[in-house]
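The opening residue of the sequence shown carries number 0 in numbering that gives the first Met the number 0; numbering runs sequentially from there.
Notes follow the structure.
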Amino acid sequence: MKLNYKKTGTGEPLIILHGLFGSADNWFSIAKELEKDYTLYLVDQRNHGDSPQSEDWNYKVMAEDLMELMDDQKIDAAYLMGHSMGGKTVMAFALQFPEKVKKLIVADIAPRYYPLHHQVILEGLNAIPVDKIKSRKDADDILAGYIRNMGIRQFLLKSLGRNEKGGFEWKINLKTITEKIEIVGEEIDSDHPFDNPTLFMGGENSDYIQESDKADIARLFPNSSIIYIKNAGHWLHAEQPASVIETVRAFLG
């Protein structure tokens with residue numbers, strides 16, 4: 000699949016993948032700083048942003064999408080960074096194609112299985128009649144009945160776009176995501192570890208990377224370290240962008 004991406008900066012290639020319900024735009028503020036040192040590829044994963052949609056959706060095909068992008072761009076090897084779902088994609092890619100990854104950064108996710116926990120979000124998004132609403136406020140009013148946090152609602156509604164007729168449509172493949180949401184939590188595993196330098200970057204206030212995850216991380220990524228960004232939750236790049244930038248620079252250095 001030919002993924003949509005935004006390319007900026009100069010230097011060695013650094014490819015960044017967003018998380019569930021996100022898009023390449025989520026990393027713009029980070030990119031503005033890192034583009035001074037790297038050629039950045041901010042990628043929309045399949046079923047998100049402006050990339051194509053497909054009923055075929057799992058980490059195997061998402062890793063293959065990334066390989067196709069690198070082949071098209073004639074990138075022999077790159078630094079990879081992924082957040083949440085994107086973190087699982089880059090883990091799967093590095094374990095399958097280790098020769099294509101110089102260093103790996105995984106933002107606030109571990110390789111283990113995660114139980115379903117997006118049901119309320121999906122209920123709220125599916126409750127919005129996108130073919131009938133007249134404004135984003137209409138959508139927000141409906142979503143507020145499911146999600147109180149305004150910041151989360153604003154993030155989710157970034158995926159509400161305009162269609163050719165001037166109405167609204169989802170840029171995410173909401174139908175497939177709803178039907179196959181369990182794949183997001185699937186375990187990433189391999190008989191062959193990834194030996195290159197790897198950084199697991201968690202949020203201090205997040206529970207996505209736990210003490211019990213360290214054994215699996217060490218088994219699959221033996222040349223890895225784990226750091227926690229202070230005063231940050233799961234959305235560490237949005238909550239503490241300066242600390243994330245400093246940490247990424249120090250690791251890739």
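Glycine included, every Cβ here is placed at the ideal spot set by N, Cα and C.
Predicted, not measured: the structure shown is a model, and the values here were computed from it.
Please return the same chain residues whose Cβ sits closer than 6 Å to the Cβ of residue i, not counting the five positions on each side in sequence.
i, result
"Phe-250", "Leu-198"
"Asp-36", "Gly-10"
"Gly-123", "Leu-142, Tyr-145, Ile-146"
"Ser-50", "Leu-2, Asn-3, Asp-43"
"Ile-182", "Asn-57"
Cβ of residue i within 8 Å of Cβ of residue j?
i, j, result
"Gly-201", "Ile-225", "yes"
"Leu-2", "Gln-52", "no"
"Asp-64", "Ile-208", "no"
"Ala-91", "Ala-62", "yes"
"Asn-172", "Asn-46", "yes"
"Leu-103", "Asn-204", "no"
"Leu-254", "Ile-180", "Look at the range of the chain in this structure, 0 to 252, and you will see that residue 254 is not part of it."
"Val-60", "Gly-81", "no"
"Leu-121", "Thr-177", "yes"
"Arg-111", "Glu-210", "no"
"Met-247", "Leu-33", "Position check: residue 247 holds Val in this sequence, whereas Met was assumed. Contact flag set, yes."
Within its chain, find whatever has a CB closer than 7 Å to the CB of residue i; leave out the 5 residues flanking it on each side and keep chain order.
i, result
"Phe-220", "Pro-192, Phe-193, Thr-197"
"Thr-9", "Thr-38"
"Leu-41", "Tyr-4, Lys-5, Ile-15, Ala-23, Trp-26, Ala-30"
"Asn-162", "Glu-168"
DSSP three-state call for residue i: helix, strand or coil?
i, result
"Thr-88", "helix"
"Leu-16", "strand"
"Val-247", "helix"
"Ala-62", "helix"
"Ala-106", "strand"
"Gly-21", "coil"
"Ile-226", "strand"
"Met-69", "helix"
"Val-42", "strand"
"Gln-27", "Per the sequence presented here, residue 27 reads as Phe, with Gln not at that position. Helix, per DSSP."
"Leu-79", "strand"
"Glu-178", "helix"
"Lys-131", "coil"
"Lys-1", "coil"
"Glu-34", "coil"
"Glu-54", "coil"
Could you tell me the distance, in whole angstroms, from the CA atom of residue i to the CA atom of residue j?
i, j, result
"Ala-18", "Pro-97", "It should be noted that the sequence gives Gly, not Ala, for residue 18. Their backbone Cα atoms lie some 22 Å apart in a straight line."
"Asp-206", "Tyr-113", "11 Å"
"Gly-253", "Trp-169", "Residue 253 is absent from the structure shown; the chain starts at 0 and stops at 252."
"Asp-140", "Tyr-227", "35 Å"
"Lys-6", "Ile-151", "27 Å"
"Val-89", "Leu-156", "25 Å"
"Asn-125", "Lys-131", "13 Å"
"Trp-234", "Ala-241", "13 Å"
"Lys-133", "Gly-165", "10 Å"
"Gln-72", "Met-66", "10 Å"
"Phe-167", "Val-129", "6 Å"
"Phe-20", "His-236", "15 Å"
"Tyr-78", "Lys-99", "9 Å"
"Asn-222", "Met-0", "31 Å"
"Pro-12", "Val-243", "18 Å"
"Met-149", "Gln-95", "39 Å"
"Lys-101", "His-117", "33 Å"
"Gly-48", "Ser-158", "7 Å"
"Asp-70", "Glu-54", "23 Å"
"Ser-83", "Gly-184", "10 Å"
"Ala-270", "Asp-212", "Residue 270 cannot be examined here, being either before or after the span of the chain that is shown, 0 to 252."
Does the beta carbon of residue i sit closer than 8 Å to a beta carbon anywhere in chain C?
i, result
"Ala-77", "The structure shown contains no chain C; it holds only a single protein chain."
Every unbroken beta strand (DSSP E) within the stretch 138-174, with a cutoff of 3 residues, ordered by chain:
159-161, 167-169
Alpha helix (DSSP H) runs wholly inside the stretch 181-241, at least 4 long, in chain order
213-219, 235-238
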